[in-house]
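Worksheet: the structure to be examined is printed underneath.
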Amino acid sequence: MPASPPPPTARPDLTGRADIELLVNTFYEKVRADALLGFIFNDVAGTDWSTHLPKMYAFWETMIFRAGTYTGNPLAAHARLVPLTAMGRPQFDRWLALFTATVDGLFAGEKAEHIKSAASDMANVIHAKINGVEQDRYDYSKLTPEQRARYASYKPPVVQP
Ligand code: HEM
6 MPASPPPPTA RPDLTGRADI ELLVNTFYEK VRADALLGFI FNDVAGTDWS THLPKMYAFW
66 ETMIFRAGTY TGNPLAAHAR LVPLTAMGRP QFDRWLALFT ATVDGLFAGE KAEHIKSAAS
126 DMANVIHAKI NGVEQDRYDY SKLTPEQRAR YASYKPPVVQ P
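Laid out in structure tokens, this is it:
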């Protein structure tokens, strides 16, 4: 029998940078070993893990704890892969399945739920935008007030001239 994750009560919630690093490291170990996704990083993009992993710590720390340490362009990073390899729904579904399983294996609580829903929304938006298709799993009009407030806060601040 495969090992099941520990019960929610035995798992802590994400509390800060160290937890983000553990989550990201564990997640990309799975991604690198995955038949559908691993070669995209290792062979297609030629990813330098010593720079990609710290970038992803900053990305998730900024998304979940408002750290403000990430600057980058996630859409462009994925759009450039589209002519080179399959970046369709199967790839994004696998990415999300691995991400969700990693979170659930390590953490439980409000931040754990938040990071899974943020990952799901981002995957749906990135998939739709880079492939030029309708956002079939992401409908802004169906967001809860809490989600609207959260996503509004992700927008970069308006710089006054
Ligand atoms: C099919 C699924 C995905 C694949 C195959 C994929 C692959 C990649 C690759 C190859 C890179 C570039 C790494 C390098 O610098 O060499 C990258 C960057 C990145 N990915 Fe993904 N990704 C996927 C989904 C996602 C999702 C759903 C998110 C967000 C929730 C995400 C967030 C990022 C971010 C933040 C970067 C760094 C962009 C930058 O600032 O340069 N990725 N991804």
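In our numbering, the protein residues as written are 6 to 166.
Even for Gly, the Cβ is constructed at its ideal location relative to N, Cα and C.
Values in this document were obtained by computation on a predicted structure and should not be read as measured data.
Open item on the list: Quick check on the burial criterion: 16 or more other C-beta atoms within 10 angstroms. Buried or exposed for E34?
Closed with: exposed
Open item on the list: Contact between the segment 65 to 74 and the segment 37 to 45 is defined here as three or more beta-carbon pairs at a separation below 8 Å; is this criterion met?
Closed with: No: the two stretches stay apart, fewer than three of their Cβ pairs being nearer than 8 Å.
Task: Euclidean distance between Cα positions of D98 and K134 - done: 16 Å
Task: Close Cβ partners of K116 (< 7 Å) along its chain, the five nearest in sequence each way excluded - done: D18, L19, I69
TODO: Using the Cα positions of P150 and L27, report the straight-line distance between them to the nearest angstrom.
DONE: Answer to the nearest angstrom: the Cα atoms are 31 Å apart.
Open item on the list: Relative to the C-alpha of K121, which candidate in T107, G93, D24 has its C-alpha closest?
Closed with: T107
TODO: Determine the extent of the alpha helix (DSSP H) in which S122 is found, giving its start and end residues.
DONE: 115 to 136
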